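Each remark here refers to the structure printed beneath this line.
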Ligand code: BGC
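Residue numbers (this note's numbering): 18 to 385.
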């Protein structure tokens, strides 16, 4: 090789080496620990908000965040989890689309030494470090209580054994264990009235993916089958309730037939102030996200997490599953027309303008 060729080769090798080193510096050099967020979908309002909030909290603590959303695709979510493990995340927060299927990817992640927190939704495996959520059974109780109160139950003279209130039960996604827990709470409240015969269940269905469009179609079919003769709907979240209200509105039943939800979404609260949705359930994600982040911080430092309680998988799922996990459930509150301003607007959980959208100026309360 001619001397200038040698020089060029040496120079280009040096350039290549420095590029490789610079590349390493971006990750290893930054010294940041990677953590992953795996969302089932961004269709429900809260998940996008929690993505923003979690990312902020984690970045403030110096973590590098990788976030993925699976658009309700169970296989895609597992692939995304595998992929984040391959990218070297040390911890994962998983909002599982499917409580059973997610266990496959989570077990692999745990085997690779990754700490997994089941965020809001259970994953059916003992290989999670913690399950952090709200009191989902209480969510269901508050939904049913809100709807029963609107029917005047207990103490009603309208609803009797001869004229029971016709109730529709609308469950959440069958692959989300929260939907099961919520239903448990709903049944606790309504069972005595069913036993007494003053209410009757005319339809009992579950909404795939908690999808508003699916919920609307489901309600259209129920209304056709029942010739519009329904007296109440115990729906399991705001998204599905609003879908069902579309179908009800077409038959003149919105604002007439009480209906529940959960999450105190902007649209749900707006529907409440318009007198269409009867009740929602407030779950303050501004409390859940920091709890999850702090817990992960402690876990990654190799310290013991406090404040958790042991629950058997059998108790949480109602299935014959072995083993137990550590969990924490935050309290929830019922939201109605009477307290939406104090609870949701004043606390800035939802913006005033969203909650009072389309409400004439004269009918709005003062801006807090
Ligand atoms: C959550 C609810 C949410 C629903 C649909 C449930 O697991 O607990 O807050 O409305 O999923 O995304």
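Every residue, glycine too, gets a C-beta built ideally from N, C-alpha and C. Just so it is clear, the structure is predicted and the values come from calculations on it, not from any experiment.
Inter-segment contact for the stretch 263-281 and the stretch 298-311 is present: three or more beta-carbon pairs are separated by less than 8 Å. Excluding its 5 nearest sequence neighbours in each direction, residue 53 has C-beta neighbours in its own chain below 6 Å: 83, 101, 106, 109, listed in chain order.
A Cβ-Cβ separation of about 6 Å places residue 222 in contact with residue 187 under the 8 Å criterion. Residue 248 has its Cβ no nearer than 7 Å to any heavy atom of the ligand BGC. Considering only 370, 322, 61, the residue with the shortest C-alpha distance to residue 255 is 61. Check the Cα spacing between residue 88 and each of 125, 331, 65: the tightest is with 65. In the three-state reduction of the DSSP assignment, residue 176 falls in the coil class, being assigned neither a helical nor a strand state. Taking the Cβ atoms as the reference, residue 190 lies roughly 12 Å from residue 112, outside the contact range of under 8 Å. Per DSSP, reduced to three states, the secondary structure at residue 140 is coil, with no helix or strand assignment.
Using a C-beta cut-off of 8 Å, the stretch 139-156 makes contact with the stretch 314-331, since at least three inter-stretch Cβ pairs fall below that distance. For residue 329, the enclosing beta strand (DSSP E) stretches over residues 326-329.
Between residue 325 and residue 345, the C-beta spacing is below 8 Å. If you draw a 10 Å sphere on the C-beta of residue 275, you find 16 or more other C-beta atoms in it, and that means buried. A Cβ-Cβ distance of about 4 Å is found for the pair residue 95 and residue 122, placing them in contact under the 8 Å criterion. With a contact defined as Cβ atoms closer than 8 Å, residue 289 and residue 353 qualify at about 7 Å. Unbroken beta strand (DSSP E) runs of no fewer than 3 residues, entirely contained in the stretch 222-264, are found at 249-252, following chain order. DSSP places residue 288 inside the alpha helix (DSSP H), whose first and last residues are 283-290.
According to DSSP, residue pairing for residue 217 in a beta bridge involves 183. DSSP lists 81 as the bridge partner or partners of residue 51.
Contact between residue 116 and residue 228 is ruled out by a C-beta separation of about 17 Å, above the 8 Å threshold. Looking at the DSSP output, residue 56 sits in a beta bridge with 86. Judged by DSSP in its simplified three-state form, residue 164 adopts helix. Remark: the shortest separation between the CB of residue 374 and any heavy atom of the ligand BGC does not fall under 7 Å. Apart from the 5 residues on each side of it in sequence, residue 163 sits with its Cβ closer than 7 Å to the Cβ of 277, 295, 296, 351, 353 in its chain, given in chain order. Distances from the CB of residue 61 to the heavy atoms of the ligand BGC include at least one below 7 Å. Annotated three-state conformation of residue 341 is strand, per DSSP. By DSSP's assignment, residue 150 forms a beta bridge with 346. Secondary structure at residue 109: strand, using DSSP grouped into helix, strand and coil.
Straight-line measurement puts the Cα of residue 239 at about 21 Å from the Cα of residue 214. Boundaries of the beta strand (DSSP E) harbouring residue 299: 297-299, taken from the DSSP string. If you look at residue 379, you'll find it isn't in any alpha helix (DSSP H); DSSP assigns it neither H nor E. In terms of Cβ geometry, residue 91 and residue 114 form a close pair [threshold 8 Å]. For residue 100, the enclosing alpha helix (DSSP H) stretches over residues 91-103. A straight line joining the alpha-carbon of residue 80 with that of residue 103 spans about 17 Å.
By alpha-carbon distance to residue 176, the top candidate from 199, 201, 249 is 249. Minimum Cα-Cα distance from residue 365 among the listed residues 356, 381, 385 corresponds to 385.
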